[in-house]
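I have placed the structure first, in the form of C-alpha cells, so that the comments after it can refer back to it.
Number of protein chains: 2
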Amino acid sequence: MKTTKENNKNFFSGIDSVGNTPNKALLTDLYQLTMNAAYQDNAKEGKATFDLFIRKLPKDWNYFIACGIEDAIDYATSIQFSDEDIEELRKRTALPEEYLQSLKGFKFEGEICAVREGTIISENTPLLRVTSTLSQAQFLESALLNIINYQTMIASKANRIVNAARGAPVIEFGLRRAQGEDAALLGARASYIAGFSGTSNVKAGIEFDIPLSGTHAHSFVMSFKDELSAFRAYAKTFPNNPTLLIDTYDVEQGARNAAIVAHELQEKGFKLKAVRIDSDPLAENSDLVRKILDEENLQYVGIFATNDLNEYKINSLQGHHVSGYGVGTENITCKPVSAISGVYKLVEDEDGAKIKLSKCKKTYPGKKQVYRIFDADGLFDHDILALESETIEGAPLLEKVVENGIRVSPRRSVHEIRDYALHQVSLLPEEKRSIDSQSKYETIPSAGLVALTESLSKQFGGQ
Amino acid sequence: MKTTKENNKNFFSGIDSVGNTPNKALLTDLYQLTMNAAYQDNAKEGKATFDLFIRKLPKDWNYFIACGIEDAIDYATSIQFSDEDIEELRKRTALPEEYLQSLKGFKFEGEICAVREGTIISENTPLLRVTSTLSQAQFLESALLNIINYQTMIASKANRIVNAARGAPVIEFGLRRAQGEDAALLGARASYIAGFSGTSNVKAGIEFDIPLSGTHAHSFVMSFKDELSAFRAYAKTFPNNPTLLIDTYDVEQGARNAAIVAHELQEKGFKLKAVRIDSDPLAENSDLVRKILDEENLQYVGIFATNDLNEYKINSLQGHHVSGYGVGTENITCKPVSAISGVYKLVEDEDGAKIKLSKCKKTYPGKKQVYRIFDADGLFDHDILALESETIEGAPLLEKVVENGIRVSPRRSVHEIRDYALHQVSLLPEEKRSIDSQSKYETIPSAGLVALTESLSKQFGGQ
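Quick note, the sequences are listed as chains A and B, same order.
Quick note on the working numbering: the first sequence kicks off at -12 and runs consecutively.
Quick note on the working numbering: the second sequence kicks off at -12 and runs consecutively.
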C-alpha cells in the first residue's frame, strides 16, 4: 500500500480534506453571531435540533451523492475563537461585550447524526441532524452549508458524467475554471469519489491519493518547428504510454503524425497510449481518427476526447470512437446548476417540533430518522423520513458521528468513501442512473410525520 | 483610519488575498510538469510570451472588471517546490529524475505585465502578459487561470447587480452556497471591489476590511413563542438600528409586529433601521409593507429584500419599494454562467510570433499592448490591441508588475482597487452599464496585428 498523505492522516487529528486545520470559526455569516448574542441576552439556551437537507433536485437529476460529510464533522468539532478573532469582532460589529467575552470558551458540545459520506440521498432528506444548545446548533449553519452544498453538488454531477461514459474512464480537468483553489481541490476529490478515474490537479492527487493524469498542451506543439517534431520530442521524454494532442493545426494530419510516432515507439518496445482530440466535431473527429489509426494497425491506441464536455455531450458520443474523456469546466463548476439548494432548518426546540411556513419553503418538523427501503431484488426502492419516535422497518441512514462535541466515528479515507459511493450507485435501479430519465429517487414522509406537519401547519398558519 | 489586516499587509510580504502564503507550486495541472520535463529534455529553453485573456463575454454582458491580478502576481513570485513536494511527484508521476532534481531551484524569473486590478476589459484582450523561459512561463498557466477566472467573473457579475440596483446598497450573502471557502472569501472581495456595500461573511469582512452586515434568521423567530416576542428580544440586544426579518409566518402581520417594535424603540431614543423580506412576490410585498410602515409614520424604516436575487430580478423591482438588496447564490456562483472562458496562450517564442488555428479557438499572435481610446466626452470609447512594436495614440493598459521574478508594483489595498474599479465603471458610456443592452465594450485589433494574424494563418494553416 502506498504511503500517502491521505493514508497517513490521523483519523482524529482534525485535518480537513484540503489539509488545513479545519478551525473555521470566522467562516460564518454575521447573523449567526448576532442571533447567538440575542439568545444569550434573552436567556434562550434550551436544546434545539436542526436538519441539513437539500430542497430540490436540479433538472434531470435523480439523486444526490452525499459528500463533504467528513469535512463537516471536522469543522463542527474544531471551532474555537482566538483572542485576535474576538478583537476583530469587537472592532467591526455591534456585538455586546458580554457575548464577545463568552466566545473565548465557545465550542460545539452537542450531537451530530449524519449519513455516511457517499450515500445516495434524495430531496428534503436530512444529510446531517445537529442537536445542541440553540446557539451552538445555530452557529454551525453557514460553514456546514458551504462545505456540504459544493461537495455534494460536484459528487452528484460527476456521477452523472460517469454514468454517461458507460465504463470509459473520465479524468477531472477543472483546475483552471474552478471557483477558487478549494473548489478545484474538493471538486477533484468529490469527482473521484463519484467514479472519476483521475485528475490533472497535482495538489488534489497528492492530498487525496487520486491518480494523476496529464500530457501536453497546444502550446507545446506550437513551440516546435512542426507537429511531428513536437510529438517526437514528447515521446522521447515519455516513451512509456504517452498521449499526444493531435488537433493544434489539423486533426487528420495530427492523427497521421501520431501514427508515425506510434510506430517509432513500437520499434523501441514502447506503445503510444492514446491520442487526444480537443475540438469539435468530436464524434466525426473520433471516427476519422479511429479509421486512420486502424489503417495503421494501431488498434490499441485509444482516443481521448476533451472540449467543454458534460454528461449530455458524452452521451451523444456513444457509438463513436472515444475511449476516454477529460471533463473540466462543466463538472467542476456544475454548469449551469452552479449551486444546489441545501438548507439548515430548525426542526425542534425545547418547546417541541417547529415548522417554517413561508411559501414554497416548507420544512418537515421534528427530530427525524431516514430509513432505506429495498425492493425484492435488493435494490434501493425509496427512503422513508420518519419521526425518531416512530418504528419503521428499514435501514436507518443517520448515524451518530459526534457526541458531546467529540467525533466518535473515525474519518474515512477517500478510497473507502469512493468504494461505498460506487456500491450505493450500483444498488440503484438502472433507470435512476440514466441522465435523461425522470425517475427521481424518492423520500416519502411517514404517517407520523405527515400528521405532525399538518397539525403544526394549522397551529402556526393561524398565528 | 482603522487598523485592519488589509492595511497592515506588507505590500511585498507575499501574503495573498485569503491570508495564506501564496506558494501554490503544486496547484497545477500535471501537464505543466510533463511539458516542462520535455522542454528540458529537448533543450527548449528560449524565451516565450503568453497572454492571459478571456475569449467571450457571457450573454448580455458588456465588459469584464479585471480582478485577481494582485493574487496572480503574488502567486507567480512565490512558487517553490519543497523536498516533500518533489518526493510526492517522484512517487506519483513518470517525471524523469533529472527534471525532478531541477524543481528544487525552480522559480519564476521572468516579466509580467498586467492591467491594474479593477480595469474594465473586453473579450480577447490580455489581462496579463507573461514573458520568461518557455518552461517558466508555461508553468504559470493553471494557477493563473484559477485565480483570474473566478475573481474576474464575480467582479463583473457583481457590478451588473450593482448597476441594476441603481444606487441602492447591495450586500453579499453568498457564503452558504459558494463553491468552497476560497470562493466565499474571494467572491466577497470581488463583489466589494465591484460596488457591493458589505458582506455577511465574517472572515471576508476581517480579511479584506469589508463592512459586515447581518441580523437574524427565520429560525430565530421560530425559537420564540411568537414573532413579536422574537422581534422584541432582538431589539433588546441590538437597539441601535436593527433590521427585522418579517416573513417567517405572514409578511403583513410581520410588518405590523415590526412597526410595534419600531415605536417601542423610538420611545427609548432608538430607530428600527429596516425590515427584511425574504419571500416572493417581493414587488407586491414591498409595496404592501411600505404602505403599512408609512401608515405608522415609519417612513425612515427601509425595506431590505432577499430571495435568490440577481440583476434581472433587481431590475424588475424598480418602481416598487425596496431600499436595499441582499444577494447570495446567483452572485457568488455567477449562476448560470458558472465560468468564464479565460485562457492562457503562447503568442511568441524564440522563433517569432505564434498562432493557434483550431476552429473557433483563434489567438492573436505576437507580443502586444492594449491601448484605451477615449471619446470626445472623456469616456471610454474602445481599446486597441496592437503589437508592442506599433505606435498607437492611447493610454497603455498593460504595466510591468514583475521584473526578473520580483514584484515591482506594490500590492494595492481592496479599497484602492474598489475606488479605481468604480471610477472605471463611471467612465463607461451609460448604455454599456445597462444589464440588457447589447452594447459590448470593444477591443479592436490594430492594422499591424491584423496583418500579422493573416500572414501567420496562411503560413501555419498550410502545415
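Virtual Cβ for every residue (Gly too), placed ideally from N, Cα, C.
(message) Please list, in chain order, the residues of the stretch 208 to 229 of chain A that have any C-beta partner in chain B closer than 8 Å.
(response) Answer set for the stretch 208 to 229 of chain A: 209, 210, 211, 212, 213, 214, 220, 221, 223, 224, 225, 227.
(request) Taking all protein chains shown into account, decide if residue 287 of chain A is buried (16 or more other Cβ within 10 angstroms of its Cβ) or exposed. (result) exposed
(request) Could you tell me the boundaries of the alpha helix (DSSP H) in which residue 278 of chain B lies? (result) Residue 278 of chain B -> alpha helix (DSSP H) spans 269 to 282.
(request) Would you give the residue range spanned by the beta strand (DSSP E) that residue 261 of chain A belongs to? (result) From DSSP, the beta strand (DSSP E) with residue 261 of chain A extends over 261 to 264.
(request) Output yes or no for whether 8 Å exceeds the beta carbon distance between residue 327 of chain B and residue 140 of chain B. (result) yes
(message) Which residues of the stretch 160 to 172 of chain B have a Cβ closer than 7 Å to any Cβ of chain A? Give them in chain order.
(response) So the list reads 162, 163, 164, 165, 166, 167, 168, 169, 170, 171, given in the order they occur along the chain.
(message) For chain A, check one thing: does any of its Cβ atoms lie closer than 8 Å to the Cβ of residue -5 of chain B?
(response) Bear in mind that the predicted position of residue -5 of chain B carries a pLDDT of just 37, short of 50, making it too unreliable to give a figure here.
(request) Could you name the residues of the same chain whose beta carbon sits closer than 7 Å to that of residue 229 of chain A, not counting the 5 residues immediately before and after it, in chain order? (result) 202, 221, 222, 259, 260
(request) Below 9 Å between beta carbons is the criterion; list the residues of the stretch 14 to 36 of chain B that meet it against any residue of chain A, in chain order. (result) 14, 15, 16, 17, 18, 19, 20, 21, 22, 24, 25, 26, 27, 28, 29, 31, 33, 35
(request) Taking the CB atoms as reference points, tell me whether residue 435 of chain B and residue 384 of chain B lie closer together than 8 Å. (result) no
(request) Use the C-beta contact count for residue 337 of chain A: other C-beta atoms within 10 angstroms, 16 or more gives buried, fewer gives exposed. (result) exposed
(request) Put residue 297 of chain B into one of helix, strand or coil per three-state DSSP. (result) coil
(request) On a CA-only basis, which of A/213, A/121, A/304 is nearest residue 93 of chain A? Give me that one, please. (result) A/121
(request) Just the chain A side, please: which residues come within less than 7 Å of residue 137 of chain B by C-beta, in chain order? (result) 166, 167
(request) Look up residue 379 of chain B in the DSSP assignment and say whether it is helix, strand or coil. (result) coil
(request) Could you check what DSSP says for residue 410 of chain A in three-state terms: helix, strand or coil? (result) helix
(request) Rounded to whole angstroms, what's the CA-CA distance from residue 217 of chain B to residue 137 of chain A? Just pull it up for me. (result) 32 Å
(request) Could you check what DSSP says for residue 181 of chain B in three-state terms: helix, strand or coil? (result) coil
(request) Check the Cβ of residue 129 of chain B against every Cβ in chain A and list those closer than 7 Å, keeping chain order. (result) 162, 163
(request) Using only alpha-carbon positions, find the residue among B/418, B/417, B/398 that is nearest to residue 61 of chain B. (result) B/398
(request) Check the Cβ of residue 336 of chain B against every Cβ in chain A and list those closer than 7 Å, keeping chain order. (result) Residues of chain A passing the Cβ test: 210.
(request) Give the secondary structure of residue 451 of chain A by DSSP, where H, G and I count as helix, E and B as strand, and everything else as coil. (result) The question about residue 451 of chain A has no answer, for chain A in this structure spans -12 to 450.
(request) Could you tell me whether the stretch 296 to 304 of chain A touches the stretch 262 to 274 of chain A, using the rule of 3 or more Cβ pairs below 8 Å? (result) yes
(message) Using the Cβ count rule (16 or more neighbours within 10 Å means buried), how would you classify residue 459 of chain A?
(response) The structure shown does not extend to residue 459 of chain A, since chain A is modelled only from -12 to 450, so the question has no answer here.
(message) Quick test of the definition: if touching needs 3 or more C-beta pairs under 8 Å, does the stretch 185 to 199 of chain A touch the stretch 398 to 416 of chain A?
(response) Touching, yes.
(message) Run through chain B and tell me which residues come within less than 7 Å of residue 125 of chain A, C-beta to C-beta.
(response) 206
(request) Establish whether the CB of residue 133 of chain A and some CB of chain B are separated by less than 8 Å. (result) yes
(request) Check the DSSP bridge columns for residue 336 of chain A and list the partner residues they point to. (result) A/35, A/339
(message) Once DSSP output is grouped into helix, strand and coil, what is the label at residue 51 of chain B?
(response) strand
(request) Using a Cβ-Cβ cut-off of 8 Å, state whether residue 520 of chain A counts as contacting chain B. (result) Residue 520 of chain A lies beyond the residue range present for chain A, which begins at -12 and ends at 450; the question has no answer from this structure.
(request) Would you kindly work out how many angstroms separate the C-alpha atoms of residue 34 of chain A and residue 291 of chain B, rounded to a whole number? (result) 31 Å
(message) Tell me the DSSP secondary structure of residue 0 of chain A in three-state form.
(response) Unreliable positioning characterises residue 0 of chain A in this predicted model, as indicated by a pLDDT of 41, which lies under 50. The coordinate reading is nonetheless provided below. Residue 0 of chain A: coil per DSSP, three-state reduction.
(message) Suppose contacts are defined by Cβ-Cβ distances below 8 Å. Is residue 109 of chain A in contact with residue 179 of chain A by that definition?
(response) no
(request) Taking residue 240 of chain B as part of the beta strand (DSSP E), name the residues at either end of that continuous run. (result) From DSSP, residue 240 of chain B is part of no beta strand (DSSP E) but of the alpha helix (DSSP H) over 238 to 254.
(message) What does the alpha-carbon distance come out to for the pair residue 295 of chain B and residue 79 of chain B?
(response) 43 Å
(request) Indicate whether residue 107 of chain A and residue 411 of chain A have their beta-carbon atoms separated by less than 8 Å. (result) yes
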